[in-house]
Amino acid sequence: MSSGHGSVVVTATPAEPASDVTSTRRLPPRDFFARPTVEVARELLGMIVSRATADGLTAGRIVETEAYAGPADLASHARAGATRRTAPMFGPVGHAYVYLVYGMHECLNVVARADGEAAGAVLLRAIEPLAGIELMRRRRGRPNDAAARLGAGPARLCQALAVTRAHDGHDLLAGSELWLSAGPQPPSPTQIASGPRIGVGYAGEDWSRRPWRFWLAGHPSVSRR
DNA sequence: CGAATGATACCCT
DNA sequence: GGGTATCATTCGG
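The numbering of the first sequence is this note's numbering, which starts it at 174 and goes up by one.
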């Protein structure tokens, strides 16, 4: 189990080989996303994000997410209500919300909410690369980075998968350029860790302390340790 | 630790 | 309309 990460204990099971990931496409049902955003965030762990371009296929297993609960959640972009930017969060579940942060980085979210809730979204914070690793390295312009780190962060994930604001509003349960699919098996509850969301101190203690960040414990592709 | 870099939201004329 | 504070990050020093 030691893989050059010193004392890190990897409790998450390794993902299936890339060939298995790409041979079948098991889309989650739309209803999966029509549930409380925090539940969806937890259960997105272990699912696969795939991206096909003329350059080839890239795909990764989701190992870190964060839930954003809607207009009442002061950490969420939805706190300002529906604007041109946040419109996708108020639209159909299972679609993408992609935005630019810090003037240079894109972030990919999946719209989710239960009936009666509003404008929830799950930020995909990290993937374990499964397919197209060399293509990811090229896109990132970092030929020497370890494969496990290519998608270790929300902006890295978008760069590795070539996800841009052109995908804002894109249906992640349809089409053949960017889609979600079920993983081989969901992680066991004991593999899932949770803690406060990253970089949302501006939201005040009430919201920034909530443990709405989920990750696979000890997984080397998680954005922070 | 701090710079990079631009869209956005919000407040003011 | 226009000015500006802020930002769901990353990389290099």
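From the three backbone atoms N, C-alpha and C, an ideal C-beta is built for every residue, glycine too.
Alpha carbon to alpha carbon, how far is G391 from R397? Give it in angstroms, no decimals.
10 Å
Are the CB atoms of A248 and R370 nearer to each other than 8 Å?
Using a Cβ distance threshold of 8 Å, A248 and R370 count as a contacting pair.
For V271, the nearest candidate out of L389, P209 and V336 (CA to CA):
V336
Environment of R383 [buried if 16+ CB atoms lie within 10 Å]:
buried
Report the three-state DSSP secondary structure of S180 (helix, strand or coil).
With a pLDDT of only 40 at S180, under 50, the local geometry of the prediction cannot be trusted, and no value is derived from it.
Is R329 buried or exposed, if buried means 16 or more other CB atoms sit within 10 Å of its CB?
Classification for R329: buried.
Nearest residue (CA-CA) to A304, options R199, L230, R386 and G348:
L230
Please name the residue, chosen from L281, F205 and L389, that lies closest to H340 on a Cα-to-Cα basis.
L281
Assuming the contact rule is C-beta atoms closer than 8 Å, G267 and I300 should be a hit. Round their C-beta distance to whole Å, please.
That belief does not hold up - the Cβ atoms of G267 and I300 are roughly 18 Å apart, past 8 Å.
With a Cβ-Cβ cutoff of 8 Å, do P327 and A292 count as a contact?
no
6 Å CB neighbourhood of R208 in its chain, flanking five on each side removed
A287
May I ask you to list the residues that DSSP assigns as paired with H278?
V274
Nearest to P265 by CA position, among A347, P362 and F387, is which residue?
A347
Indicate whether G368 and R386 have their beta-carbon atoms separated by less than 8 Å.
yes
In the DSSP assignment, find the beta strand (DSSP E) that holds A214 and state where it starts and stops.
Where A214 is concerned, there is no enclosing beta strand (DSSP E), although the alpha helix (DSSP H) it sits in stretches over T210 to L217.
Exposure of T363, with buried meaning 16 or more beta-carbon neighbours within 10 Å:
Per the 10 Å Cβ criterion, exposed.
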